[in-house]
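Student: Handing you a structure now.
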Amino acid sequence: MSIRFPELVGSIVEAALSPHPVDRYLELVDPMLTWRDLRAKVVAVEHPTPRTVRLGLRPTRQWQGHEAGQYVQLSVVIDGVRHMRCFSPANAATDAEGDLELTITAHDDGFVSTYLRDHARVGMVVGLQQAQGEFVLPSQRPAAMVFVSGGSGITPVLSMLRTLVAERYAQPITFLHYARTSEDVAYRAELAALAAAHPNIDLRLHHTRDAGDGHFTGAHLDDIAGFDDAQMFVCGPPALMNAVEEHYDTTGMTQQFHKEAFTLAAPIVVDPDAPVDGELSFLRSARSTTNDGRTILDQAESAGLSPESGCRMGICFSCTAIKRSGCTRNVLTGETDTEADTQIQLCINAPVGDVEIEV
Ligand SMILES: Cc1cc2nc3c(=O)[nH]c(=O)nc-3n(C[C@H](O)[C@H](O)[C@H](O)COP(=O)(O)OP(=O)(O)OC[C@H]3O[C@@H](n4cnc5c(N)ncnc54)[C@H](O)[C@@H]3O)c2cc1C
Numbered sequence: 016m017s018i019r020f021p022e023l024v025g026s027i028v029e030a031a032l033s034p035h036p037v038d039r040y041l042e043l044v045d046p047m048l049t050w051r052d053l054r055a056k057v058v059a060v061e062h063p064t065p066r067t068v069r070l071g072l073r074p075t076r077q078w079q080g081h082e083a084g085q086y087v088q089l090s091v092v093i094d095g096v097r098h099m100r101c102f103s104p105a106n107a108a109t110d111a112e113g114d115l116e117l118t119i120t121a122h123d124d125g126f127v128s129t130y131l132r133d134h135a136r137v138g139m140v141v142g143l144q145q146a147q148g149e150f151v152l153p154s155q156r157p158a159a160m161v162f163v164s165g166g167s168g169i170t171p172v173l174s175m176l177r178t179l180v181a182e183r184y185a186q187p188i189t190f191l192h193y194a195r196t197s198e199d200v201a202y203r204a205e206l207a208a209l210a211a212a213h214p215n216i217d218l219r220l221h222h223t224r225d226a227g228d229g230h231f232t233g234a235h236l237d238d239i240a241g242f243d244d245a246q247m248f249v250c251g252p253p254a255l256m257n258a259v260e261e262h263y264d265t266t267g268m269t270q271q272f273h274k275e276a277f278t279l280a281a282p283i284v285v286d287p288d289a290p291v292d293g294e295l296s297f298l299r300s301a302r303s304t305t306n307d308g309r310t311i312l313d314q315a316e317s318a319g320l321s322p323e324s325g326c327r328m329g330i331c332f333s334c335t336a337i338k339r340s341g342c343t344r345n346v347l348t349g350e351t352d353t354e355a356d357t358q359i360q361l362c363i364n365a366p367v368g369d370v371e372i373e374v
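In my numbering, the protein residues as written are 16 to 374.
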């Protein structure tokens, strides 16, 4: 689509005087020319393993940088619908300058991850949100570090490792990583090179499908240098996180323990004993559906709506909307809420009876 300069100026003036954001007009000229929106251009695409895609992203000037371990919300339009997902930059902490590196593992039935693996191209422009999250290195660096990651969970802890290496952190670092096979380790060569170049890095790769010592056992934490004074950062699939945490709890370890999940440990289930009735009304869209007990986000999507959403597990808050009336149940905690005109997260709240929501 082309647009002439006088028309563009006219549109921008009109936009400044109207509720339509200026960025809707600027993107007609160049999607990277934004007034408020943070976006990023894909500047590199690699496929380090068959299941992963590594993207280099160059953000627009609004980018404020990230701390090692934080995540960003990336949005991409697929078949005319914008989808948002969280990804943790794998590069060392950045200030407002500098590109981001995302490594995305495609899940067999994963909508956005398989789309990006198969369709991401240099020049593609994606939506971005500023980095967020509390899974970060302590500002006072600890006397030793232990990182445990599985599969795609390597990204935030690799960012931490790269940050510590860039800072010339000289204390012991133990890096345990679990992958299906050695071919599935997205950063195998770099990890090996870092361990070879830095005697303080103890790299322990475990493969769960190759012959070998497989899944996590407490023995994998044996003989770790500086263990008693270390802080532990764990990120990976629920089974790995649970096993490490259980070990941590039962052995009375005293290290500070930090964890980040990419997905819910257990799928959200409808409480079989909870009565399921009522009408769920989406006020802004003037639609309603008979409550089937699932989360409001799931029911909205089944009703053909596409409310903004990200993590689908209650951490990113991108699906927050105003509940005008009715009772909702937080499916993670079981708590109910009857307050009117209150903000709720659609992905972790289910209606109890009639509910009106601004979607
Ligand atoms: C804070 C945070 C940081 C993240 N960082 C990264 C990252 O750096 N790299 C990366 O590859 N992913 C990361 N993720 C996961 C990512 O946001 C998506 O959940 C993942 O890419 C799947 O999205 P999808 O659209 O392909 O799958 P969907 O279409 O949303 O889901 C399809 C199916 O896959 C299952 N599924 C979804 N996510 C996962 C998962 N993580 N593990 C196992 N099964 C899953 C769903 O239960 C569902 O059955 C992160 C998630 C969070 C919350």
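All C-beta atoms in this analysis are idealised placements derived from N, C-alpha and C, irrespective of residue type, glycine included.
Fair warning: this is a prediction, and the values are worked out from it, not measured in the lab.
For Gly142, which beta-bridge partners are listed by DSSP?
Tutor: What you label residue 142 is simply residue 127 of the sequence shown in a count that begins at 1. Answer is Arg54, Ser90, bridged to Gly142.
Student: Do Leu143 and Val87 come within 8 Å of each other at the CB atom, strictly closer than that value?
Tutor: As a position in the sequence shown, residue 87 is number 72, starting the count at 1. As a position in the sequence shown, residue 143 is number 128, starting the count at 1. A contact, by the Cβ cut-off of 8 Å.
Student: With DSSP run on the structure shown, which of helix, strand or coil describes Asn364?
Tutor: Indexing the sequence shown from 1 puts residue 364 at position 349. Asn364: strand per DSSP, three-state reduction.
Student: Any heavy atom of ligand 1 within a distance shorter than 7 Å of the CB on Thr109?
Tutor: Position 94 of the sequence shown holds residue 109. Not so, every heavy atom of ligand 1 lies at least 7 Å from the Cβ.
Student: Closer than 7 Å: is that where the CB of His273 sits relative to any heavy atom of ligand 1?
Tutor: Numbered from 1 along the sequence shown, position 258 holds the residue referred to as residue 273. Because no heavy atom of ligand 1 lies under 7 Å away, the Cβ of His273 does not count as near it: no.
Student: Helix, strand or coil: which one does DSSP assign to Gly325?
Tutor: Against the sequence shown, residue 325 aligns to sequence position 310. The answer is coil: DSSP assigns Gly325 none of H, G, I, E or B.
Student: Which residues in the same chain as Thr67 place their Cβ atom closer than 8 Å to its Cβ, once the five residues preceding and following it in sequence are excluded?
Tutor: Residue numbering aside, residue 67 sits at position 52 when the sequence shown is read from its first letter. So the list reads Thr118, Ile119, Thr120, Ala121, Arg132, Ser167, Ala201, once near-sequence residues are dropped.
Student: Okay, do the segment 183-202 and the segment 311-319 touch, 3+ Cβ pairs below 8 Å being the bar?
Tutor: no
Student: Considering only residues of the same chain and omitting the five flanking positions on each side of Val58, which have a CB-CB separation below 8 Å?
Tutor: Walking along the sequence shown from the start, residue 58 turns up at place 43. These residues qualify, in order along the chain: Gly71, Leu72, Arg73, Asp114, Val137.
Student: How many whole angstroms separate the CB atoms of Gly325 and Gly251, which I take to be in contact at a CB cut-off of 8 Å?
Tutor: For the purposes of this step, residue 325 is identified with residue 310 of the sequence shown, where counting begins at 1. For the purposes of this step, residue 251 is identified with residue 236 of the sequence shown, where counting begins at 1. Wrong, their Cβ atoms sit about 20 Å apart, outside the cutoff.
Student: Leaving out five residues before and five after Ala185 in sequence, what residues of the same chain have Cβ atoms less than 7 Å from its Cβ?
Tutor: Counting from 1 along the sequence shown, the entry for residue 185 is found at position 170. Cβ within range, chain order: Asn215.
Student: With a CB to CB cut of under 7 Å and the five nearest residues on each side skipped, what residues in its chain are close to Trp78?
Tutor: Residue mapping note: residue 78 aligns to position 63 of the sequence shown, counting from 1. These residues qualify, in order along the chain: Leu53, Ala111.
Student: Do Ile337 and Gln358 have their C-beta atoms within less than 8 Å of each other?
Tutor: Start at 1 with the first residue of the sequence shown, and residue 337 comes out as number 322. Start at 1 with the first residue of the sequence shown, and residue 358 comes out as number 343. Yes, the pair counts as a contact, with Cβ atoms nearer than the cut-off.
Student: Here's the rule I'm using: 16 or more other beta-carbon atoms within 10 Å means buried, otherwise exposed. How should Glu275 be labelled?
Tutor: Against the sequence shown, residue 275 aligns to sequence position 260. Result: buried.
Student: Report yes if the C-beta of Gly148 is less than 7 Å from at least one heavy atom of ligand 1; otherwise report no.
Tutor: Locating residue 148 in the sequence shown gives position 133, where the first residue counts as 1. Answer for Gly148: yes, Cβ within range of ligand 1.
Student: Helix, strand or coil for Thr348? Go by DSSP, reduced to three states.
Tutor: As a first step, residue 348 must be located in the sequence shown, where it is residue number 333. It is coil, neither helix nor strand.
Student: How far does the alpha helix (DSSP H) with Thr129 in it reach, from first residue to last?
Tutor: To locate residue 129, count along the sequence shown from 1; it is residue 114. Residues 126-134.
Student: Nearest to His273 by alpha carbon, out of Ala181, Leu179, Phe150, Ala108?
Tutor: One-based indexing of the sequence shown puts residue 273 at position 258. Nearest C-alpha to His273: Phe150.
Student: If I measure Cβ to Cβ from Ala258 and keep anything under 6 Å in the same chain, skipping five residues before and after, which residues do I get?
Tutor: What you label residue 258 is simply residue 243 of the sequence shown in a count that begins at 1. Cβ within range, chain order: Phe231.
Student: Please state whether DSSP places Thr170 in a helix, a strand or coil.
Tutor: On the sequence shown, position 155 is the one that residue 170 refers to. Correct three-state label for Thr170: helix.
Student: Return the first residue and the last residue of the alpha helix (DSSP H) that Ser317 is part of.
Tutor: Mapped onto the sequence shown, residue 317 falls at position 302. Run containing Ser317: 311-317, per the alpha helix (DSSP H) assignment.
Student: From what residue to what residue does the alpha helix (DSSP H) around Met256 run?
Tutor: Position 241 of the sequence shown holds residue 256. First-last of the alpha helix (DSSP H) with Met256: 253-265.
Student: Figure out for me which residue from Val141, Ser174, Met139 has the closest Cα to the Cα of Leu152.
Tutor: Numbered from its first residue, the sequence shown carries residue 152 at position 137. Ranking Val141, Ser174, Met139 by Cα distance to Leu152 puts Ser174 first.
Student: When every heavy atom of ligand 1 is checked, does at least one fall within less than 7 Å of the C-beta of Ser174?
Tutor: Sequence index remark: in the sequence shown, residue 174 carries index 159 (1-based). Within the chosen limit of 7 Å, ligand 1 does not reach the beta carbon of Ser174 with any heavy atom.
Student: Would you kindly report the start and end of the unbroken alpha helix (DSSP H) that includes Arg302?
Tutor: For the purposes of this step, residue 302 is taken as the residue at position 287 of the sequence shown. Arg302 -> not in any alpha helix (DSSP H); beta strand (DSSP E) instead, spanning 302-305.
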